[in-house]
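Encoded as structure tokens, the structure appears first; notes follow it.
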Amino acid sequence: MMDYIAEQNRYDEMKYFRSGKSGLKLPGVSLGLWHNFGTNDDFENMEAMCRTAFDLGITHFDLANNYGPEYGSAEENFGKIINGTLKRYRDELIISTKAGYDMWPGPYGNWGSRKYLLASLDQSLKRMGLEYVDIFYHHRMDPETPLEESMMALDTAVKQGKALYAGISNYDAKTTEKAMEILRDLKCPFVINQVRYSIFDRWIEKDGLKKFASENGCGLIAFSPLAQGLLTDKYLHGIPKDSRIRKDGRFLKESAITKERLAQIEALNQIAKERGQSLAQMALSWVLRDGDVTSVLIGASRPEQIRENVKIVEKTKFTEDELRKIDEISNR
Ligand SMILES: NC(=O)c1ccc[n+]([C@@H]2O[C@H](COP(=O)([O-])OP(=O)(O)OC[C@H]3O[C@@H](n4cnc5c(N)ncnc54)[C@H](OP(=O)(O)O)[C@@H]3O)[C@@H](O)[C@H]2O)c1
28 MMDYIAEQNR
38 YDEMKYFRSG
48 KSGLKLPGVS
58 LGLWHNFGTN
68 DDFENMEAMC
78 RTAFDLGITH
88 FDLANNYGPE
98 YGSAEENFGK
108 IINGTLKRYR
118 DELIISTKAG
128 YDMWPGPYGN
138 WGSRKYLLAS
148 LDQSLKRMGL
158 EYVDIFYHHR
168 MDPETPLEES
178 MMALDTAVKQ
188 GKALYAGISN
198 YDAKTTEKAM
208 EILRDLKCPF
218 VINQVRYSIF
228 DRWIEKDGLK
238 KFASENGCGL
248 IAFSPLAQGL
258 LTDKYLHGIP
268 KDSRIRKDGR
278 FLKESAITKE
288 RLAQIEALNQ
298 IAKERGQSLA
308 QMALSWVLRD
318 GDVTSVLIGA
328 SRPEQIRENV
338 KIVEKTKFTE
348 DELRKIDEIS
358 NR
């Protein structure tokens with residue numbers, strides 16, 4: 028695979044949006060490596076997904092220290108890809124990783140201490156065989172560690188040249204505002220908050236984060252925009268063998284497929300058809316509908332899904348009537 032040459036026209040169709048008020052632009056669709064890049068997954072498929080994504084203008088690949096399983100294995104597998112087929116394209120790529128969840132035993136392998144964050148980033152760089160990542164995230168709010176300490180650790184990572192930008196993930200509006208203030212005082216380039224957001228999960232609207240971010244130059248990248256696959260037509264006729272529920276079941280469980288959920292998915296699927304999109308495409312377009320979200324962070328189990336999903340950047344406008352119907356269905 029060393030002789031892979033990316034598509035000449037890879038930048039023709041994708042759209043790139045500025046992350047907050049920073050200098051960094053991200054593709055409308057980014058690829059996350061949470062699932063399907065672990066120890067027991069097929070390496071050829073991983074490589075094919077990364078190549079397909081890049082050929083379609085997806086410049087942003089998102090990781091975390093503990094993606095796998097085994098913890099760290101997604102970074103190791105991606106390390107082989109970025110040092111193999113994608114090596115010559117490093118300067119065209121935005122690679123992110125995170126620390127904040129359970130990683131290694133004892134009091135220094137979790138949450139938000141300086142001790143954990145900086146040691147974890149060193150481990151991530153080693154696993155990926157990289158000198159720096161583009162974005163280093165604190166993965167979740169830590170109720171015990173002072174916010175200053177976690178933010179100063181991100182700043183140190185940037186000042187050491189191990190990360191170009193700082194990010195936070197799963198931070199609510201109030202804490203995002205404080206984190207931004209601290210990073211601004213440190214003159215640390217903060218770019219984005221990575222949060223769960225989909226037609227089925229509106230917490231960033233209720234919390235005020237979506238509005239705060241758009242008014243205050245904070246980028247947002249939406250993870251699990253398909254609610255891990257629920258917002259597609261795949262579960263409408265039973266649970267396929269090759270679906271996340273059957274193959275993994277740790278994070279998306281069979282119990283998520285209730286009669287009520289299926290009725291919502293069916294109704295949304297109908298609206299998608301009327302728009303000339305698949306349900307997956309409509310769900311992703313919806314996230315980008317008003318410009319508040321910088322990028323929609325998808326997962327994929329095969330290259331075809333990525334091909335289908337990137338098409339959404341052409342169709343992110345909705346009519347008032349469509350939006351009202353989608354709200355009505357998701358509130359049922
Ligand atoms: N910061 C955080 O705390 C956090 C938490 C979670 C995730 N993330 C990030 O967000 C990324 C995406 O999360 P996610 O994987 O939950 O996102 P998602 O896009 O909601 O779900 C992805 C899954 O949906 C299915 N799918 C994708 N495209 C499809 C299509 N066109 N048709 C049918 N099914 C389709 C695939 O599952 P099948 O296996 O069923 O085919 C795929 O693995 C992660 O990789 C990670 O980088 C961050």
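Residue numbering for the sequence shown follows the working numbering, beginning at 28 and increasing consecutively.
Just so you know, even glycine gets a beta-carbon here, dropped at the ideal spot from N, CA and C.
What do you reckon, is the C-beta of residue i under 7 Å from a heavy atom of ligand 1?
i: Asn-197; result: yes
i: Lys-8; result: The requested residue 8 is not part of the displayed model; the chain covers only 28 to 359.
i: Thr-124; result: no
i: Arg-271; result: yes
i: Glu-335; result: yes
i: Gly-194; result: no
i: Leu-324; result: yes
i: Ser-312; result: no
i: Thr-321; result: no
i: Thr-259; result: yes
i: Trp-61; result: yes
i: Ser-328; result: yes
i: Phe-250; result: yes
i: His-264; result: no
i: Gly-139; result: no
i: Leu-253; result: yes
i: Gln-304; result: no
i: His-87; result: no
i: Gly-95; result: no
Once the 5 residues before and after residue i are set aside, which same chain residues still bring their CB inside 6 Å of it?
i: Asp-182; result: Leu-213, Cys-215
i: Phe-345; result: Arg-316
i: Ala-200; result: Asp-234, Gly-235, Leu-236, Phe-239
i: Ile-272; result: Ile-266, Leu-279, Glu-281
i: Leu-144; result: Ala-126, Ala-180
i: Asn-104; result: Phe-64, Met-73
Is it buried or exposed for residue i, if we count other Cβ within 10 angstroms and need 16 for buried?
i: Phe-250; result: buried
i: Lys-261; result: buried
i: Pro-132; result: exposed
i: Lys-237; result: buried
i: His-87; result: buried
i: Lys-125; result: buried
i: Phe-227; result: buried
i: Asp-89; result: buried
i: Trp-230; result: exposed
Can you tell me which of the three DSSP states residue i falls into?
i: Asn-296; result: helix
i: Tyr-143; result: helix
i: Met-28; result: Residue confidence is low: Met-28 scores 49 on pLDDT, short of 50, so the model does not pin down where it sits. Its coordinate-derived value is still stated next. Looking at Met-28 - three-state DSSP - the assignment turns out to be coil, as it is neither helix nor strand.
i: Ile-398; result: Absent from the model: residue 398. The displayed extent of the chain is 28 to 359, so no value can be given.
i: Ile-85; result: coil
i: Asp-161; result: strand
i: Gln-221; result: strand
i: Pro-134; result: coil
i: Tyr-94; result: coil
i: Ala-184; result: helix
i: Pro-54; result: strand
Residues in the same chain with beta-carbon distance under 8 Å from residue i, minus the five sequence neighbours each way, listed in chain order, please.
i: Thr-203; result: Ile-195, Asn-220, Leu-236, Phe-239, Ala-240, Cys-245
i: Thr-321; result: Phe-44, Arg-45, Ser-46, Gly-47, Leu-53, Ile-219, Gly-246, Leu-247, Ile-248
Is residue i near ligand 2 - that is, is its Cβ less than 7 Å away from at least one heavy atom of it?
i: Lys-274; result: By its list of ligands, the structure shown excludes ligand 2, since it contains just ligand 1.
Could you name the residues of the same chain whose beta carbon sits closer than 7 Å to that of residue i, not counting the 5 residues immediately before and after it, in chain order?
i: Tyr-128; result: Asn-93, Asn-137, His-166, Arg-167
i: Lys-48; result: Gly-244
i: Lys-352; result: Ile-298
i: Met-155; result: Glu-102, Phe-105, Gly-106, Ile-109
Check whether chain D comes within 8 Å of residue i, counting only Cβ atoms and requiring the distance to be less than that.
i: Asn-67; result: Absent from the structure: chain D. Only one protein chain is present.
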